[in-house]
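Visitor:
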Amino acid sequence: MENNIKPVATKLKSKFSSERGEIGDSFIMIVAFMLAALLMFIFPLMTMADRTDDVTQMSVKTATTEFVNKMRTTGKITPDDYNQFMQVILSTGNTYDVEIEVKVLDENPGKKTVQVEREKIGENEYYAVFTAQVLNVIAPETGTPQTYPLKEGDIISVKVKNISLTLAQQLKNFFYTVIGNNTYTIAAEDGGIVTVTGF
Amino acid sequence: MKIQHLAIIFIIIVLPMTLILSSYISSRVNTLDLQISYDTKLYNATYDAIKAFQLNTINSSTSDLSDSKIRDIQASVNSFYNSLQTNFGMNGYDQQDLQNHVPALVYGMYDGYYIYSPYHNTEDNEKNDENGLIFDLKPYVYYSCRYVSGTTDVVITYSLDSYVTIRGQVGSNTVDLKGYLLSSADATSDVKYRNIKIDGENDVIKEQIIIGGSSGAESKIVPCRKITGVKYYKVGDDYYRISNGKLQKRSPSSLPVKVGEGVNEIVNNTNAQEYYKQSYQLKQYILGSALRDLRTTDAVDENGNHISWDNAGYKIFEELDNGLNSTQIEDNDSNFNSHRIDVIKYCIEKNLSVAISNFNNVSGSTTVFEMPKLRGTDWDKITKNVSMISFLQGLGIGGKIYNGYAIITNNKNEEFVADESIYIETADGYYHNIKDKDLAIVSLAGARGYFNTDYEKKSIDYEIGEGDETVVKSGNYYPREALGCYHSIVSQDGMQDRDVQDILAENADLAKIYYTALARERYGLYRVENAY
Numbered sequence: 001m002e003n004n005i006k007p008v009a010t011k012l013k014s015k016f017s018s019e020r021g022e023i024g025d026s027f028i029m030i031v032a033f034m035l036a037a038l039l040m041f042i043f044p045l046m047t048m049a050d051r052t053d054d055v056t057q058m059s060v061k062t063a064t065t066e067f068v069n070k071m072r073t074t075g076k077i078t079p080d081d082y083n084q085f086m087q088v089i090l091s092t093g094n095t096y097d098v099e100i101e102v103k104v105l106d107e108n109p110g111k112k113t114v115q116v117e118r119e120k121i122g123e124n125e126y127y128a129v130f131t132a133q134v135l136n137v138i139a140p141e142t143g144t145p146q147t148y149p150l151k152e153g154d155i156i157s158v159k160v161k162n163i164s165l166t167l168a169q170q171l172k173n174f175f176y177t178v179i180g181n182n183t184y185t186i187a188a189e190d191g192g193i194v195t196v197t198g199f
Numbered sequence: 200m201k202i203q204h205l206a207i208i209f210i211i212i213v214l215p216m217t218l219i220l221s222s223y224i225s226s227r228v229n230t231l232d233l234q235i236s237y238d239t240k241l242y243n244a245t246y247d248a249i250k251a252f253q254l255n256t257i258n259s260s261t262s263d264l265s266d267s268k269i270r271d272i273q274a275s276v277n278s279f280y281n282s283l284q285t286n287f288g289m290n291g292y293d294q295q296d297l298q299n300h301v302p303a304l305v306y307g308m309y310d311g312y313y314i315y316s317p318y319h320n321t322e323d324n325e326k327n328d329e330n331g332l333i334f335d336l337k338p339y340v341y342y343s344c345r346y347v348s349g350t351t352d353v354v355i356t357y358s359l360d361s362y363v364t365i366r367g368q369v370g371s372n373t374v375d376l377k378g379y380l381l382s383s384a385d386a387t388s389d390v391k392y393r394n395i396k397i398d399g400e401n402d403v404i405k406e407q408i409i410i411g412g413s414s415g416a417e418s419k420i421v422p423c424r425k426i427t428g429v430k431y432y433k434v435g436d437d438y439y440r441i442s443n444g445k446l447q448k449r450s451p452s453s454l455p456v457k458v459g460e461g462v463n464e465i466v467n468n469t470n471a472q473e474y475y476k477q478s479y480q481l482k483q484y485i486l487g488s489a490l491r492d493l494r495t496t497d498a499v500d501e502n503g504n505h506i507s508w509d510n511a512g513y514k515i516f517e518e519l520d521n522g523l524n525s526t527q528i529e530d531n532d533s534n535f536n537s538h539r540i541d542v543i544k545y546c547i548e549k550n551l552s553v554a555i556s557n558f559n560n561v562s563g564s565t566t567v568f569e570m571p572k573l574r575g576t577d578w579d580k581i582t583k584n585v586s587m588i589s590f591l592q593g594l595g596i597g598g599k600i601y602n603g604y605a606i607i608t609n610n611k612n613e614e615f616v617a618d619e620s621i622y623i624e625t626a627d628g629y630y631h632n633i634k635d636k637d638l639a640i641v642s643l644a645g646a647r648g649y650f651n652t653d654y655e656k657k658s659i660d661y662e663i664g665e666g667d668e669t670v671v672k673s674g675n676y677y678p679r680e681a682l683g684c685y686h687s688i689v690s691q692d693g694m695q696d697r698d699v700q701d702i703l704a705e706n707a708d709l710a711k712i713y714y715t716a717l718a719r720e721r722y723g724l725y726r727v728e729n730a731y
């Protein structure tokens, strides 16, 4: 009786052991496929998406600097220049939030007193005009767009950041979920003093 | 071959490509970043330089004179290099390095330009460096062109507005003419411009100055007149002028009597009338001589070869005879103005390209220096304003060589009076831009036009105390006390987007104020050729 039981037990043991090996192989295969997919597709895709963001960043930065330099050296913000700038940054496939701030120099406070002795400095004041007020002139919802004139001594600054998610952001969100919806990866900022009064 | 092997081969191929591409893109981004940052630094340094020139000219009554102007420009050049060095200091460049990468600096003035670049000074060898070179301003070059037609052989010098000088032979006559070309100037009986009578200004042009005394300093508003670039003041019975930043008393006999007969000319300002009279006389001479038929195609270069222009050939002074309904010679859209721009471009391009290419022989850099092609908008700036053009070439920016230029203009200086440089001061104590919409509403009674630099802060040295206790102090003052209008000067949100002439055509009172002020200020400028 004992002699009959032993071979059956050995047989069953070897059968169970073989099935466990097949399950283990399949698991490794799945993991290998996932790793391969990650390495072959996801990693290059993420890298390229990151590089695309770099190129976009460069393009937006260049456009912003050129836009600001043009305003500084001509002393005006023209609808044409603004539209051209928007066209360049929107051609990158993203949407952006553009903030324009003009710090208007007011020399009147300093003029109200004659300085018989040269002891006082810094009486000039600046007041700020923001995006909505500037856009109301150069790109109004109704009416004809007009040139926004600046004068020598004013300070102009432009800030641009993306408000739509880029592919790199979407992939990172999917895999790590470390980037919220309100963060941005493409941002450019430039500004400076206006060098000439535009008429 | 197992699928894992394929994956490994794929990774071996793709991974290096991805890394190389990513590194290449990063380097391109850095290059462009550097290029943008260098552009901005060059703009800033050029602005600093022209601002230095502006401040020096506004605060110097002798800034029009040749030595003084050269001094101001040399100071401006120093500001440029100081600013550039400060900006580039972080990148490891010092002034010497940078000088080897700045082939030329161009200062566009009223009727000519200076180029700052290295040259061999053959007159004074001691000033040259060990290579026999000196970095300095080259002689002033006028915006001039020679015209030969029949018995007419003249050189015409143009300027940033319609002021010309004509020198040479017209038939058997030797001519030396100068003045503003204005189609509608008339001085047959009353002095008129565009059918508007221009009156003299007796005891109305007054300015503020600071006068020192034994008990202290005080500011006073006194009659003032600008003659050949210098302002003269009448304080009580005494006459003064500001020289080298100091108020100096002048004897009545030393005052310029060129304009009128006596010292009362300081109070009775007839600059505006004289301006139109001079212009009318010039117009009459040109229209009555062979100059009338002079064509743009008669222009010749230094070898006597005809110069070809982009614009079609036409008579240069033809529009001088136009009525008010046709284009005036001084208008922006006139043929004369197109030719003026062509001549200025020709003059600058010719000398500048030579200066930059010569820089290859003196620069220690291996870069080939070439003059970049300036755009139409650049020329538009240069031919309308006092300007500065700076070139910076040959700096390595990672895989590329930087080759940039910056053009900065300035429309607030003592060099010339542009159409937009006249502000209208109204009786309520505010001054307005000529394009201000408010000027169609506010009362123009008592309003008068003034030059924009009169509203800028100026400095002066004055003496207080008596005898041995006299001390010299410095003070700041504004020649005109009025405040800037908040709609056209401070914020400029009340400006009309129209041509000045269109605005004036609708408002005769404003036109009279404006044309009088423009003429007064232009006539008061220093305009003697060969003084540079």
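Line order of the protein sequences matches chains A and B.
Those letters in the first sequence? Residues 1 to 199, per our numbering, in order.
Those letters in the second sequence? Residues 200 to 731, per our numbering, in order.
Glycine included, each C-beta is placed from N, C-alpha and C at the ideal position.
In chain B, which residues lie less than 7 Å from residue 62 (chain A) when you measure between Cβ atoms?
Guide: Within chain B, the residues near residue 62 (chain A) are 231 and 235.
Visitor: Using beta-carbon positions only, say whether residue 96 (chain A) and residue 173 (chain A) come within less than 8 Å of one another.
Guide: No; because the gap between Cβ atoms is not below 8 Å, this pair is not in contact.
Visitor: Could you please give me the residues that DSSP links to residue 707 (chain B) through a beta bridge?
Guide: DSSP lists no partner for residue 707 (chain B).
Visitor: Taking the straight line between their C-alpha atoms, what separation do you get for residue 692 (chain B) and residue 686 (chain B)?
Guide: About 5 Å.
Visitor: Could you tell me whether the Cβ atoms of residue 244 (chain B) and residue 275 (chain B) are closer together than 8 Å?
Guide: No.
Visitor: Please tell me whether residue 630 (chain B) and residue 661 (chain B) are closer than 8 Å, where the distance is taken between their beta carbons.
Guide: For residue 630 (chain B) and residue 661 (chain B), no; Cβs fall outside 8 Å.
Visitor: Looking at C-beta atoms only, is the number of pairs between the region 61-72 of chain A and the region 23-39 of chain A that lie closer than 8 Å three or more?
Guide: As far as the Cβ criterion goes, the region 61-72 of chain A does not touch the region 23-39 of chain A, which means the pair count is below three.
Visitor: To the nearest angstrom, report how far apart residue 711 (chain B) and residue 475 (chain B) are at their CA atoms.
Guide: Cα to Cα, the separation comes out at about 13 Å.
Visitor: What is the rounded straight-line gap between the Cα of residue 714 (chain B) and the Cα of residue 386 (chain B)?
Guide: The straight-line gap from Cα to Cα measures roughly 15 Å.
Visitor: Name, please, each residue of chain B whose Cβ falls closer than 7 Å to the Cβ of residue 151 (chain A).
Guide: The contacting residues are 691.
Visitor: So the candidates are A:36, A:145 and A:185; which of them puts its Cα closest to the Cα of residue 57 (chain A)?
Guide: Nearest option by C-alpha distance: A:185.
Visitor: Please specify which runs of the alpha helix (DSSP H), each continuous and at least 4 residues long, are wholly inside the region 543-591 of chain B, giving them in chain order.
Guide: Within the region 543-591 of chain B, the complete alpha helix (DSSP H) runs of at least 4 residues are 575-581.
Visitor: How would you list, in chain order, the residues of chain B whose beta-carbon sits under 9 Å from the beta-carbon of residue 158 (chain A)?
Guide: Within chain B, no residue comes near residue 158 (chain A); the closest Cβ sits about 13 Å away, beyond 9 Å.
Visitor: What three-state label does DSSP hand residue 501 (chain B) in the structure shown?
Guide: Coil, per DSSP.
Visitor: From what residue to what residue does the beta strand (DSSP E) around residue 369 (chain B) run?
Guide: Note, residue 369 (chain B): beta strand (DSSP E), 362-369.
Visitor: Roughly how many angstroms separate the alpha carbons of residue 347 (chain B) and residue 613 (chain B), rounded to a whole number?
Guide: Whole-angstrom Cα-Cα distance: 34 Å.
Visitor: Quick one: is residue 523 (chain B) buried, meaning 16 or more other Cβ sit within 10 Å of its Cβ, or exposed?
Guide: Per the 10 Å Cβ criterion, exposed.
Visitor: Suppose the cutoff is 8 Å on Cβ atoms and the five residues either side in sequence are ignored; what does the same chain contact list for residue 111 (chain A) look like?
Guide: There are no such residues.
Visitor: Is there a Cβ of chain B sitting closer than 8 Å to that of residue 36 (chain A), yes or no?
Guide: Answer yes: the Cβ-Cβ gap between residue 36 (chain A) and chain B drops below 8 Å somewhere.
Visitor: Tell me which residues of the region 682-709 of chain B have at least one Cβ-Cβ distance to chain A shorter than 7 Å, keeping chain order.
Guide: Result list: 682, 683, 689, 690, 691, 694 and 696.
Visitor: If you follow the alpha helix (DSSP H) that residue 373 (chain B) is part of, which residue opens it and which one closes it?
Guide: Element bounds for residue 373 (chain B): not the alpha helix (DSSP H) but the beta strand (DSSP E), 372-379.
Visitor: Using a Cβ-Cβ cutoff of less than 6 Å, which residues in the same chain neighbour residue 377 (chain B) once the five nearest sequence positions on both sides are dropped?
Guide: Only 364 meet the Cβ criterion.
Visitor: With distance defined between alpha-carbon atoms, name the residue in B:647, B:450 and B:605 nearest to residue 624 (chain B).
Guide: Checked all of B:647, B:450 and B:605; the closest Cα to residue 624 (chain B) is B:647.
Visitor: Nearest to residue 128 (chain A) by alpha carbon, out of A:101, A:192 and A:144?
Guide: The shortest C-alpha separation from residue 128 (chain A) is found at A:101.
Visitor: Go ahead and pull the three-state DSSP assignment for residue 75 (chain A).
Guide: It is coil, neither helix nor strand.
Visitor: For the region 434-451 of chain B against the region 341-359 of chain B, are there 3 or more C-beta pairs whose distance is under 8 Å?
Guide: Touching, no.
Visitor: Determine the closest residue to residue 572 (chain B) out of B:583, B:582 and B:602, with distance taken between C-alpha atoms.
Guide: Taking only the C-alpha atoms, the option nearest residue 572 (chain B) is B:602.
Visitor: Counting only Cβ pairs nearer than 9 Å, list the residues of chain A close to residue 242 (chain B).
Guide: The contacting residues are 69, 72, 73, 192 and 195.
Visitor: So with Cβ pairs under 8 Å, would you call residue 199 (chain A) a contact of chain B?
Guide: Yes, residue 199 (chain A) lies at the interface with chain B (some Cβ there is under 8 Å from its Cβ).
Visitor: Please work out which residues of its chain come closer than 8 Å, Cβ to Cβ, to residue 225 (chain B), disregarding the five sequence neighbours upstream and downstream, and give them in chain order.
Guide: Nothing listed; no residue qualifies.
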